[in-house]
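Below you'll find the structure, written out as structure tokens, and then a few comments.
Residue numbers (our numbering): 739 to 797.
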């Protein structure tokens, strides 16, 4: 295995996806990694990442 990555069954609102920081655009969580980070599909089509340490950014 190269890395631990799990697609969610459906898109989740940030409140139910353990949101720890915020993006400037609306979005929903679609995946998590083994360290507890979350990937979000943002409104403009970009991908946002929230780490388990509370840092976030756009990929």
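Glycine included, C-beta positions come from ideal geometry on N, C-alpha and C.
query                                                                                                                                                             : result
Of all the options 745, 742, 768, which has the alpha carbon lying nearest to the alpha carbon of residue 783?                                                    : 768
Which word fits residue 774, buried or exposed, when buried means at least 16 other C-beta atoms lie within 10 angstroms of its C-beta?                           : exposed
Can you give the Cα-Cα distance for residue 790 and residue 781, rounded to whole angstroms?                                                                      : 22 Å
In whole angstroms, give me the CA-to-CA distance for residue 754 and residue 777.                                                                                : Any reading at residue 754 is ruled out, since the residue's pLDDT is 49, under 50, leaving its predicted position unreliable.
Using a Cβ-Cβ cutoff of less than 8 Å, which residues in the same chain neighbour residue 787 once the five nearest sequence positions on both sides are dropped? : 775, 776, 777, 778, 794, 795, 796, 797
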